[in-house]
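Q:
Protein chains: 2
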Amino acid sequence: MNDQDSQDPAPYYRAHVFCCTNERPEGHPRGSCKRRGAEPLRDYMKKRATALGLRGIRVNAAGCLDRCELGPVMVVYPEGVWYGFSSEADIDEILETHLVRGGRVERLMLRPEDRKPEDVAARLAAEQAAAE
Amino acid sequence: MNDQDSQDPAPYYRAHVFCCTNERPEGHPRGSCKRRGAEPLRDYMKKRATALGLRGIRVNAAGCLDRCELGPVMVVYPEGVWYGFSSEADIDEILETHLVRGGRVERLMLRPEDRKPEDVAARLAAEQAAAE
Numbered sequence: 001m002n003d004q005d006s007q008d009p010a011p012y013y014r015a016h017v018f019c020c021t022n023e024r025p026e027g028h029p030r031g032s033c034k035r036r037g038a039e040p041l042r043d044y045m046k047k048r049a050t051a052l053g054l055r056g057i058r059v060n061a062a063g064c065l066d067r068c069e070l071g072p073v074m075v076v077y078p079e080g081v082w083y084g085f086s087s088e089a090d091i092d093e094i095l096e097t098h099l100v101r102g103g104r105v106e107r108l109m110l111r112p113e114d115r116k117p118e119d120v121a122a123r124l125a126a127e128q129a130a131a132e
Numbered sequence: 001m002n003d004q005d006s007q008d009p010a011p012y013y014r015a016h017v018f019c020c021t022n023e024r025p026e027g028h029p030r031g032s033c034k035r036r037g038a039e040p041l042r043d044y045m046k047k048r049a050t051a052l053g054l055r056g057i058r059v060n061a062a063g064c065l066d067r068c069e070l071g072p073v074m075v076v077y078p079e080g081v082w083y084g085f086s087s088e089a090d091i092d093e094i095l096e097t098h099l100v101r102g103g104r105v106e107r108l109m110l111r112p113e114d115r116k117p118e119d120v121a122a123r124l125a126a127e128q129a130a131a132e
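Chains A and B, in that order, are what the protein sequence lines are. The numbering used here puts the first residue of the first sequence at 1, with every later residue one more than the last. The numbering used here puts the first residue of the second sequence at 1, with every later residue one more than the last.
1) Beta-carbon within less than 6 angstroms of GLY63/A's beta-carbon, same chain only, minus the 5 sequence neighbours each way: which residues are those?
2) In chain A, which residues lie less than 8 angstroms from VAL81/B when you measure between Cβ atoms?
3) Output yes if chain A places a C-beta closer than 9 angstroms to the C-beta of LEU110/B; else output no.
4) Going along the chain, which residues of the region 46 to 72 of chain B sit with their C-beta nearer than 8 angstroms to a C-beta in chain A?
5) Quick check on ALA125/A: does DSSP put it in helix, strand or coil?
6) Which bits of chain D does PRO78/B rub up against, with CB to CB less than 8 angstroms?
7) Looking only at its chain, what residues have a beta carbon closer than 6 angstroms to the beta carbon of GLU39/A, apart from the 5 residues adjacent to it on each side?
8) Tell me, to the nearest whole angstrom, how far the beta carbon of ARG24/B is from that of SER32/B; I am working on the premise that it is less than 8 angstroms.
9) How many Å lie between LEU70/B and PRO117/B at the Cα?
10) Just reading off the beta strand (DSSP E) that ILE57/B is part of, what are its end residues?
11) Do three or more CB pairs link the region 44 to 51 of chain A to the region 103 to 118 of chain B at distances below 8 angstroms?
12) Go ahead and pull the three-state DSSP assignment for CYS33/B.
13) Can you list, in chain order, the residues of the region 84 to 109 of chain A whose Cβ is nearer than 7 angstroms to any Cβ on chain B?
14) As a quick exercise: from ALA10/B, VAL75/B, ALA49/B, ARG30/B, pick the residue whose alpha carbon is nearest that of PHE18/B.
15) Let me know the secondary structure DSSP gives HIS28/B once reduced to three states.
16) Please list, in chain order, the chain A residues whose beta carbon lies closer than 7 angstroms to that of TYR44/B.
17) In three-state DSSP terms, what is LEU108/A?
18) How should PRO72/A be labelled, buried or exposed, when 16 other C-beta atoms within 10 angstroms of its C-beta is the threshold for buried?
19) Distance check for LEU108/A and PHE85/B, CA to CA, integer angstroms please.
20) By a C-beta neighbour count over all protein chains shown, 10 Å radius and 16 as the cutoff for buried, is HIS16/B buried or exposed?
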């Protein structure tokens, strides 16, 4: 934190979620979040956030967040926490654990060094082995 | 900052900019960023950020950020600093002052309590009067 940060206004949203909904052509080597089902899951998240009556939270669609191989992805600011997700159950867990309780869904979190789904799987397996 | 924050991964992007490009029908009372020229300005920002060789910065389009009356708007995370802008000169100043030098463009910054352009104008006038 520098001098500028300390003068910044209070956050406008307590949590601001951006779900990538970018679409690439069929067969593109990187794939795209939309072709992996991002749009209905983003719609579901928005609907559930409203139903839960969460205040100070905004769920937005965004253009390509450039982590296509891990998609669908979202990023939650100001924390800057990234998640890869693939089901309504994943969305429910992110809503309940992160946005309601302020925790983290470790099994879905992406690290800066994660590039491909295999990276995530290997890292999670190593973390689990270390914990046993 | 709580215990969770201290365990979060390092930021994936040093600065992540979201420019609202939402469009509402002609004549909608709130207006919309796209109808106020958001899209070419967002394209310009992306092009200029690339030309400046800025590293670790991502400029994205986003759906409605719900500050339509002040549009076009953008928000820069993780700082959570909002700007209203209307020209390529505004974009250049945000790029140079905020994203290159880490400062703030005070004349374009939006405060949480700003709802309409008149609010911003009145606040800036009061700030200037207080400084004289």
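Cβ atoms here follow ideal geometry from the backbone N, Cα and C, with glycine treated the same way.
A: In brief:
1) ASN22
2) ASP8, PRO9
3) yes
4) ARG58, ASN60, ALA61, ALA62, GLY63, CYS64, LEU65, ASP66, ARG67
5) helix
6) Absent here is chain D; the protein component of the structure consists of chains A and B.
7) THR21
8) 4 angstroms
9) 6 angstroms
10) 57 to 62
11) no
12) coil
13) GLY102, GLY103, ARG104
14) VAL75/B
15) coil
16) Neighbours of TYR44/B on chain A: none; closest Cβ ~15 angstroms, over 7 angstroms.
17) coil
18) buried
19) 36 angstroms
20) buried
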